[in-house]
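The block underneath contains the structure these notes are about, expressed in structure tokens.
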Amino acid sequence: MAEQADLILHGGDIVTLAERGDERGEAVAVKDGTIVFVGSEKEVLERWRGPHTVVRDLGGRALLPGFIDAHGHLGGIGLQAVIANLLADPDGDVTDLASLKDKLRSWAAGPVGADSDWIIGFGYDDAMLAERRHPTRDDLDEVSTDRPVLAIHQSFHLGAVNSIGLKRLGYSAATPDPEGGVIRRRELAVPPSYGEPDGVLEEKAFTPASDLALAGLPERELLMLFATGAAKAASFGFTTVQEGGTTLANLKALRDTAAAVLLPVDVVAYVKADEATASTLDDPIGVSDEYVDGVRAAGVKLVLDGSPQGRTAWLTEPYLTPPPGQPEDYCGYPAVPDDAVVAKQIATAVERDWQVLAHVNGDAAIDQFLKAVEAAGPGRRPTVAIHAQTARKDQVDVFARLEILPSFFSMHTYYWGDWYRETVLGKKRAESISPARWALDKGLRYTSHHDAPVALPNSIAVLSSQVTRRTRSGHVLGPDQRVSALDAVRAITVNAAHQYGEQDRKGSIEVGKLADLVILSANPLTVDPEQIRDIKVIETIKAGTTVHPPAPTDQASGTPSTAPTPQWGCSC
């Protein structure tokens, strides 16, 4: 009776991902939220089954370690669920500017939109719109001339506002572009006139628009963004998620939410590096290896450039086709032009024992990052290059030398692979985006992420994109960069646990680790690679307790007293 388990799982395809010993098991026993046995079905039933043990037959389904989100935006996942969905197929049904405007109008008249200061939608992709362009102020004036309107690009690095939105922002022909951003113009002019804005805003010109618009959402929605995002992530099999690149105010709101509402997943938070390093406090973040109410802060995040599909990422070679109004030699631009500022932020983080994550999509931004990391010297925690979309082979070599862990947004191959080939990079450069094979060849524990809300937090799509690298059109983008299903699964389990420094308690099904588990309809290691995308998440288990599907009764003990300040600059 002393060894009676709370839960026994057997009768399925159990993938342990144990780094020593067998990678497969017949049965798993769980007690007090921890795995206490992995082995034969006969032994587990004889040794661990008691009168109160729940014994579950998996019915041939697959049991894997719970998925670990290597980079995403928890509040953004919640946000995605409450504003207008402007995504294209397969995550939405916006096909052209007319359908985009219809979505915004419908949301504005709905229960959330009617109480919102701004009319807001997220997820349009100019590469997928029939017109192959961004909406302009004129387009969005057709949605409303009485309320400001914001349509957010799927990258979350660009957006478009209507005329009243521009007025709220104080953007006019007399407004210069901010450093690290662009206000697109109807036509260029000579200062003191810079040209009348056309409504499309990039990077640091876009950020004030998103901050202002999202702050105007109804408070009841803001209060529950983190809880909503956590439930959505759990539905895709994630048991640990990230709030990547938040403000100190949002971090407090996250902690307040977790103290009031039982979150179904663990949350690891990273604060914007410029805000954290500018603080006069020794540790304004409260970095810790331990979770409190399911939340821990781990370090800081820098954003050093923009979005490749939005053509704002910083490259060393020109874009195949520059955006409107840009010269033929246009290479994008840095988010932080001063190398000394980047170096100081990273050095400060290393000195204070904060983990460093850096958004680096373009290879010029990666060069800037590598220079600063080398100058700062090694830290105790893994340094992470987020996205690294256009990393060159020589840069992957430096990742290995400096022990930098690349975390690839592998779903780019599906969502924007065709766009990269035809418009952004050209065929040759597009073939090597998200270069997972180069990373593996260098012995790196690369991870893969979804960067939600840029994409849905779809774990199965993350797996499929690494193994097949198929684009929307069905083209295999860079077949030499494909990896095995086992490597793909490791990228969102055990490798991600190493990224967080939690490999002793997460990432594999081994005795002594948390019983963070996911049940899938089929085993991604044994099905045809082209069928991985059809696998379904059946159940998500956190520390031995099922968190998806949700329990029939709400376990929430209350609501947080402070609404988050919504600043979710995603990093696609």
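Its first residue numbered 15, the sequence shown is counted upward by one per residue in the numbering used here. The beta-carbon is built from N, C-alpha and C at its ideal position, and this holds for glycine as well.
- Query: Based on the DSSP secondary-structure assignment, which residues constitute the bridge partners of T254?
  - Reply: Beta-bridge pairing links T254 to I82 and D280.
- Message: Closest to L531 by C-alpha separation, out of D408, L78, D83 and R182, would be which residue?
- Response: Closest by alpha carbon: L78.
- Query: On the three-state DSSP scale, how would you describe H512?
  - Reply: helix
- Query: Are the beta-carbon atoms belonging to G376 and G339 less than 7 Å from one another?
  - Reply: Pairing G376 with G339 gives a Cβ-Cβ distance that is not under 7 Å.
- Are A502 and V468 closer than 7 Å when you measure CB to CB? no
- Find out if the Cβ-Cβ distance for the pair G137, A174 is shorter than 7 Å. no
- Query: Which value, in whole angstroms, describes the spacing of the CA atoms of L371 and P190?
  - Reply: 31 Å
- Item | Secondary structure, alpha helix (DSSP H): runs of 4+ residues fully inside the stretch 212–254 | 217–229, 233–237 and 239–249
- Would a C-beta distance cut-off of 7 Å place I418 and T397 closer than the cut-off? With respect to the 7 Å criterion, I418 and T397 are classified as neighbours on the basis of their beta carbons.
- Query: Relative to the C-alpha of G179, which residue among Q168, Y208 and I134 is closest?
  - Reply: I134
- Would you mind working out which of G92, E544, D296 and V108 sits nearest S249, comparing C-alpha positions? Closest by alpha carbon: G92.
- Query: Is any beta-carbon of chain B found at less than 7 Å from that of S462?
  - Reply: Among the protein chains of the structure shown there is no chain B, as only one such chain exists.
- Under the DSSP definition of a beta bridge, which residues are partnered with K315? DSSP lists K286 and L371 as partners of K315.
- Query: What residues in its chain sit with their C-beta under 8 Å from that of D46, if we drop five residues either side in the sequence?
  - Reply: D20 and G558
- Task: Enumerate, from N- to C-terminal direction, the unbroken beta strand (DSSP E) stretches of 3 or more residues contained entirely within the stretch 145–196.
- Result: 163–167 and 172–175
- Message: The alpha helix (DSSP H) that contains D131, what's its start and end?
- Response: Going by DSSP, D131 is part of no alpha helix (DSSP H) at all; its letter is neither H nor E.
- Message: Just to confirm, is the Cβ distance from H489 to G258 under 7 Å?
- Response: no
- Message: Judging by CA-CA distance, which residue of F252, I447 and Y429 is the nearest neighbour of P104?
- Response: Y429
- Task: Determine the closest residue to S479 out of R161, T335, M425 and F252, with distance taken between C-alpha atoms.
- Result: That would be M425, whose Cα lies nearest to the Cα of S479.
- Answer with buried or exposed for H148, where buried requires no fewer than 16 other C-beta atoms within 10 angstroms of its C-beta. Buried is the call here.
- Message: Between which two residues does the alpha helix (DSSP H) holding A272 run?
- Response: L262 to A274
- Message: Give me, in chain order, the residues of the same chain whose beta-carbon lies closer than 7 Å to that of D297; leave out the 5 immediate sequence neighbours on both sides.
- Response: R366
- Task: Quick one: measure Cβ to Cβ for F422 and S462, integer angstroms, because I've assumed they're closer than 8 Å.
- Result: 5 Å
- So what does DSSP say about Y138, is it helix, strand or coil? strand
- Query: Which value, in whole angstroms, describes the spacing of the CA atoms of Q323 and S169?
  - Reply: 8 Å
- Query: At a cut of 8 Å, does the stretch 314–332 reach the stretch 373–387 through at least three beta carbon pairs?
  - Reply: In short, these stretches touch, since the Cβ pair count reaches three.
- Task: Assign H66 to buried or exposed, taking buried as 16 or more other Cβ atoms, counted over all protein chains shown, within 10 Å of its Cβ.
- Result: So H66 counts as exposed.
- By DSSP, does L23 sit in helix, in strand, or in coil? strand
- Message: Looking at the strands, I want to know which residues DSSP matches up with L77.
- Response: I28 and I533
- Taking only runs of the alpha helix (DSSP H) that begin and end inside the stretch 325–369, which ones reach a length of at least 4 residues, in chain order? 353–365
- Query: For G393, does the three-state DSSP call read helix, strand or coil?
  - Reply: coil
- Message: Can you list, in chain order, the residues of its chain with a C-beta nearer than 8 Å to that of A128? Leave out the 5 residues immediately preceding and following it.
- Response: Cβ within range, chain order: A122.
- Where E40 falls: helix, strand or coil (DSSP): strand
- Beta-carbon proximity check, G25 vs D83, cutoff 7 Å: no
- Bridge partners - L419, DSSP secondary structure assignment: V398
- Query: How big is the Cα-Cα spacing for R484 and G209?
  - Reply: Taking the straight line joining both Cα atoms gives about 41 Å.
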